[in-house]
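Heads up, the thing below is written out as structure tokens.
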Amino acid sequence: MSESAVATTLEEIQENLYAVQGRINAAANRVGRDPRDVRLIPVTKTVAEQRLRTAYQAGIHTFGENKVQEAHQKYQAMNDLEITWCIIGPLQSNKTRDVAEFADEFHALDRVKIARRLHDQLTEAGRDLAVLIQVNTSGETTKSGLDPAELGPFVDQIQDFTALRVNGLMTIAENSDDEDAIRNNFRQLRALRDEHRDQLGAGDLSMGMSADFEIAIEEGATMVRIGSAIFGARPPHGSAQD
Ligand SMILES: *Cc1c(COP(=O)(O)O)cnc(C)c1O
């Protein structure tokens, strides 16, 4: 089926998943990397419960969500399943408590205030959270993330928040057909990771989405966040579908 067609059945989701995994493997092999060093984070935003249960059957046990409220509702509806929950979008401070309650990973940390609240609430809950710091490598004003020059001071400022396991960096490349520009965004993230390697735990690089994950893998991605190439096109206004 075509990349944009909505995948609903087990067979359709599985077929897309195999195709994506094949492309991940090929991209890794092209640059001499072990494909097992690239973790697929399926992005399940706007996909409703029934399709997610089918996806779970297809072997998708990590759900990437960009909106906390939607993710939290899904978590409550599907707490009979063993799911790794990754919040990949920016957080409002009134949503940190929900994240502290159920999320396993947060890929979009870029504010000290949010880090502090998460640390306090996680500590209260007796939990911890893997976090990636989001950097705005494209310079697009619509994108969240730190300015690259802010990364060093930011890492220092969140050092004491021990309930956060700082494991690396995340970026969203510029929205463009210019492959070189996209590649440069990913290269910059990798260079920042190398520069601050000692303070970034596992040193993960969460970069690459459906349109650009192969470039990201060539540039060192250890996590790729892929939605539409697995589940098909999303509704234009981000409402839950089925
Ligand atoms: C939606 C989203 C993705 C996945 O996008 P696709 O183009 O559907 O693969 C990845 N990362 C973030 C932060 C997102 O919000």
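Residue 1 is where the sequence shown starts when you use the UniProt record's numbering, and the numbers rise one by one after that.
All residues carry an ideal CB built from backbone N, CA and C; glycine is no exception.
From a predicted model like this one, the values you see are computed outputs, not experimental measurements.
Contact check for phenylalanine 154 against valine 99 fails: the beta carbons are separated by 9 Å or more. Membership of threonine 96 in the alpha helix (DSSP H) is indicated by the continuous run 96-102.
Distance from the CA atom of threonine 84 to the CA atom of leucine 17, rounded to whole angstroms, is 17 Å. The alpha-carbon separation between alanine 28 and glutamate 12 amounts to approximately 24 Å. Residue environment: glutamate 82 is assigned as exposed (fewer than 16 neighbouring CB atoms within 10 Å of its CB, all protein chains considered).
At a cut-off of 8 Å, the beta-carbon of lysine 95 does not count as near ligand 1: no heavy atom of the ligand is closer than that.
Contact annotation: the region 223-231 does not touch the region 182-200, with fewer than three C-beta pairs closer than 8 Å.
In the DSSP secondary-structure assignment, proline 153 is not bridged to any residue. The beta strand (DSSP E) runs of length 3 or more contained entirely in the region 78-139 are, from start to end of the chain, 84-87, 105-109, 129-134.
Short of 7 Å from the beta carbon of asparagine 79, and not among the five residues preceding or following it, lies no beta carbon of its own chain.
In this structure, histidine 107 has its CB closer than 8 Å to one or more heavy atoms of ligand 1.
Of all alpha-carbon atoms in Ile114, Met223, Asp160, the one lying nearest the alpha-carbon of serine 210 is that of Met223. In this chain, the alpha helix (DSSP H) harbouring phenylalanine 213 covers 213-218.
The beta carbons of leucine 132 and glycine 89 sit no closer together than 9 Å. The nearest non-hydrogen atom of ligand 1 is 8 Å or more from the C-beta of alanine 125. For leucine 146, no alpha helix (DSSP H) run applies, since DSSP gives it neither H nor E. Residues with their Cβ less than 5 Å from any non-hydrogen atom of ligand 1, running along the chain, are Val43, Asn66, Ile88, Met209, Ser210, Arg225, Ile226, Gly227, Ser228. Note on the region 169-230: whole alpha helix (DSSP H) runs with a minimum of 4 residues are 179-195, 213-218, in chain order. Just so you know, the alpha carbons of alanine 19 and leucine 52 end up roughly 18 Å apart. When the five nearest sequence neighbours on each side are left out, the beta carbons in the same chain lying within less than 6 Å of the beta carbon of isoleucine 215 are those of Ile182, Arg183, in order along the chain.
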